[in-house]
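Quick note: the sequence shown uses the working numbering, first residue 16, plus one each step.
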Amino acid sequence: MGSDHPGVDIPPGLYAFPDRGVSWARWLKGLPELVHDVMGEWQLTVDGRSRHGFSALVVPALTADRCPSVVKFSWAVDEQEHEHLGLAAWRGDGVVQLLRNDPDRGVMLLERLDAERDLTTVDHVEACAITAGFYQRLHIPALPELRTLSWYIERWTAELAAMEAKMALPGRLVEQAVSLGRSFVADAATDGRIIHGDLHYENVLAAEREPWLVIDPNPMSGDPHYEAAPLLWNRWDEVVATDDVERAVRRRLAAIVEVAGLDEQRARDWTVVRMMHNAMWCLQDHPDGLDADGRWYLAMCLRLTEAVQN
């Protein structure tokens, strides 16, 4: 499938989510026209093959003055609603530079980075240290427009406590995550700093302005300790391959804590909460039973929850 604008192809992968409902279908249907309109209005020339993520189309482009850039067309989801606010607040300090923005249409013009090289190309412990090195630059005082992490955690903790399928999870881990979640909701330190929300290895790309820059934030007003967990659960096969899961998790967490100056126990507690929420969503997404991928993912969530506490 393609758009009406010469050289812009909409990747077939974006059409592989038929169960996302009316909003997604409407966005997909209007995407070719939106791409055509924006490329023309912003005087952009296509400069490579389009890519897509979970809910966005990214088109490499040249501006009228031949500046390499990318145009990101995003479907409206809660987590990404305030991406442009975070990027504007950070002003390119450690993150991709926002060049132009149309929040009403979900479109941003961004600095071009090297999409072929991310932190999966670096040793996993070193990659943890590199990513944690961005934390203090990113975790500036939060904007009032951002949703609070405590708001999300209160909702997700209530879901975990009430979910009918929780008998598929170890009861003591559910109880622990619910107790920690409620404590975090009541803790003033849970909110107050801009956090990325999804900072993992593939969201740090090679660049010219700096060796690495951060992309794709889901900005919230939150707690910097919330950021560590994705660096522990991603590249899990490499953790397992060490034949000592606890030690591998400990090495990753130690690198993050040391570089970012975090409290280790608080980072551990947030990891427990996040992993049990991930386990909950895995079960919710498979109401008729887990397939092989689902069983692998659920086992990973539970194994990491245990390992991070040992």
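Using N, Cα and C, we set each Cβ at its ideal position, and we do this for glycine too.
Distance between residue j and residue i (C-alpha atoms, nearest Å)
i: residue 322; j: residue 258; result: 13 Å
i: residue 102; j: residue 118; result: 12 Å
i: residue 277; j: residue 134; result: 21 Å
i: residue 250; j: residue 318; result: 14 Å
i: residue 28; j: residue 64; result: 14 Å
i: residue 17; j: residue 176; result: Confidence is the limiting factor: at residue 17 the pLDDT is only 40, short of 50, which leaves the residue's position unreliable, though a coordinate-based value still follows. Rounded to the nearest angstrom, the two C-alpha atoms are 45 Å apart.
i: residue 91; j: residue 121; result: 7 Å
i: residue 218; j: residue 89; result: 16 Å
i: residue 154; j: residue 40; result: 35 Å
i: residue 143; j: residue 74; result: 29 Å
i: residue 226; j: residue 220; result: 8 Å
i: residue 185; j: residue 286; result: 16 Å
i: residue 51; j: residue 87; result: 13 Å
i: residue 19; j: residue 255; result: Reliability fails at residue 19, whose pLDDT of 43 lies under 50, so the model's placement of it is uncertain and the value that follows must be treated cautiously. In a straight line, the C-alpha of residue 19 is about 47 Å away from that of residue 255.
i: residue 235; j: residue 151; result: 15 Å
i: residue 147; j: residue 131; result: 21 Å
i: residue 114; j: residue 210; result: 21 Å
i: residue 289; j: residue 315; result: 13 Å
i: residue 36; j: residue 30; result: 12 Å
i: residue 126; j: residue 245; result: 25 Å
Among the options, nearest to residue i - alpha-carbon criterion
i: residue 212; options: 251, 173, 167, 186; result: 167
i: residue 309; options: 302, 236, 80, 297; result: 297
i: residue 158; options: 56, 99, 35; result: 99
i: residue 23; options: 67, 33, 290, 225; result: 67
i: residue 224; options: 47, 108, 42; result: 108
i: residue 214; options: 231, 35, 33; result: 231
i: residue 326; options: 34, 72, 38; result: There is no way to answer for residue 326, as the model of the chain reaches only from 16 to 325.
i: residue 140; options: 266, 291, 284, 316; result: 266
i: residue 160; options: 97, 252, 54; result: 97
i: residue 129; options: 206, 229, 179; result: 229
i: residue 313; options: 270, 178, 48, 183; result: 183
Whole-Å CB distance - residue i paired with residue j, under 8 Å assumed
i: residue 124; j: residue 84; result: 6 Å
i: residue 112; j: residue 233; result: No, residue 112 and residue 233 are not in contact; Cβ-Cβ is about 18 Å, not under 8 Å.
i: residue 279; j: residue 272; result: 5 Å
i: residue 239; j: residue 283; result: No, residue 239 and residue 283 are not in contact; Cβ-Cβ is about 14 Å, not under 8 Å.
i: residue 295; j: residue 174; result: 6 Å
Heavy atom of the ligand GTP within 7 Å of residue i beta-carbon
i: residue 161; result: For the ligand GTP, the structure offers nothing, since it holds no ligand at all.
Minimum Cβ-Cβ distance from residue i to chain D less than 8 Å
i: residue 108; result: Annotation note: the requested chain D is absent from the structure, which comprises a single protein chain.
Quick check: the segment 181-195 against the segment 54-71, are at least 3 beta-carbon pairs closer than 8 Å?
no
Length-filtered (4 minimum) alpha helix (DSSP H) runs lying within the segment 74-150
98-105, 139-147
For the segment 145-228, which segments carrying the alpha helix (DSSP H) assignment without a break, of at least 4 residues, lie completely within its bounds, in sequence order?
150-153, 164-177, 186-201
Where in the segment 242-297 do unbroken runs of the alpha helix (DSSP H), each at least 4 residues long, occur, reported from the N-terminal end onward?
244-248, 251-256, 260-275
In chain order, each alpha helix (DSSP H) run of at least 4 residues that lies wholly inside the segment 20-59:
36-56
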